[in-house]
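Peer 1:
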Amino acid sequence: MTGVTLAELAVEVLTTADGREKTAISHRNAARWREARAAGAPLAIGAAPPPPRPARPARPDLLPPRDVPRRRPGSPHGRIALLHALAHIELNAVDLHWDIIARFTDVPMPPGFYDDWVKSADEESKHFNLLCDCLEAMGSHYGALPAHAGMWRAAEDTAEDLMGRLAVVPMVLEARGLDVTPGMIEIFDKAGEGAATAALRTIYAEEVGHVAYGVKWFNWLCGRDGLDPKDEFHALVRRYFRGALKPPFNEEKRAEAGLPPDFYWPLADEVEGAAGTAAFR
Ligand SMILES: [Fe+2]
Ligand SMILES: [Fe+2]
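Using the UniProt record's numbering, the first residue of the sequence shown is number 1, and each one after it goes up by one.
(1) Work out the CA separation of G194 and V215 for me, nearest whole Å.
(2) Got a sec? Which residues, its chain only, sit under 7 Å from P57 by beta carbon, not counting five neighbours each side?
(3) Any idea which residues DSSP pairs L245 with across the strands?
(4) Taking 8 Å as the threshold, find out whether the segment 254-263 comes into contact with the segment 187-205 through three or more Cβ pairs.
(5) For ligand 2, any of its heavy atoms closer than 6 Å to the Cβ of E174?
(6) Please return the same chain residues whose Cβ sits closer than 6 Å to the Cβ of A10, not counting the five positions on each side in sequence.
(7) Please classify H27: does DSSP put it in a helix, a strand, or coil?
(8) Return the CA-CA distance between V4 and A36, expressed in angstroms with no decimal places.
(9) Is DSSP giving L162 helix, strand or coil here?
(10) Between the C-alpha atoms of R254 and S26, what's the straight-line distance to the nearest angstrom?
(11) When the Cα atoms are used, what is the spatial distance from M1 to A235?
(12) Under the three-state reduction of DSSP, which class applies to H88: helix, strand or coil?
(13) Give the single residue among V13, A81, P229 whose Cα lies nearest to the Cα of M171.
(14) Note down the Cα distance separating G177 from L162, rounded to an integer number of angstroms.
(15) Go through its chain and collect everything with a Cβ distance to E8's Cβ below 8 Å, but skip five positions before and after it.
(16) Where P182 and N250 are concerned, what is the direct C-alpha to C-alpha distance, given to the nearest angstrom?
(17) Span of the alpha helix (DSSP H) holding M171?
(18) Check whether the Cβ of I185 lies closer than 6 Å to any heavy atom of ligand 1, and answer yes or no.
(19) Per DSSP, A147 forms a beta bridge with which residues?
(20) At which residues does the alpha helix (DSSP H) containing L220 begin and terminate?
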């Protein structure tokens, strides 16, 4: 495969259905990009059209959100259901990061943009496998339960708009992950589920970086075009994201990722206790 481009490597991941296989290819392709960069001979970005929707395994069944059974984490079964929902989110995140690489190759971006999303995709692949390992150790597996069908909607809504994609995916959805993950770590820690607790701590630490990459490149594009980042963020979230943002927010981790309060509070649905440990929305 001499002369392979990064866009082709991204499409290879997106068109692989099985989760373990998709993430193995994701790790391999991320290493290939990284090693070529380190050797001073970076791969070309190229252009390869990503599929409208990524390939996915026959299981899990994908159901409308209202038909996905509620997760009650007080029981072992409920904790399996929660980990299953998280594994589904991570698999979707693998595809989202490779999709942003392949989808917007017509927008000239510095190589660091691709470094950041390749690294994020590599980390999401690890997260998916950590959660699959936990599920399997608990006698289940990814695909054993139904999952949320609406996960690719944010990608479809922003398929023509790189700034919209950055606003909605890393800066809204992944930032939401920072809000809800500490509560999940507590649930698994209290239940004495050491492996799941450790997996969630790894995920929590690495997700801050994904939000930060979103903020970094959103600001970069605003600077390139002479736009005010806060006003632009508000306009794009209102255009592409259905519904309000849900407090309470993890102000500390959002700050660590470079996301200031005046970005998200004006978009908040200020209902007391509105946030839960459900998926992103
Ligand atoms: Fe993740
Ligand atoms: Fe992430």
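Note that CB positions come from ideal geometry on N, CA and C, so glycine has one too.
Peer 2: In brief:
(1) 32 Å
(2) A17, D18, G19, G143
(3) A268
(4) no
(5) yes
(6) W98, I101, A102
(7) helix
(8) 11 Å
(9) helix
(10) 27 Å
(11) For M1, the predicted model reports a pLDDT of 48, less than 50, meaning its position is unreliable; a value from the coordinates is still stated below. Approximately 43 Å, taken between the alpha carbons.
(12) helix
(13) P229
(14) 21 Å
(15) G46, A48
(16) 9 Å
(17) Note, M171: premise wrong, no alpha helix (DSSP H); not H, not E.
(18) no
(19) L62
(20) In the sequence on display, residue 220 carries Trp and not Leu. First-last of the alpha helix (DSSP H) with W220: 194-225.
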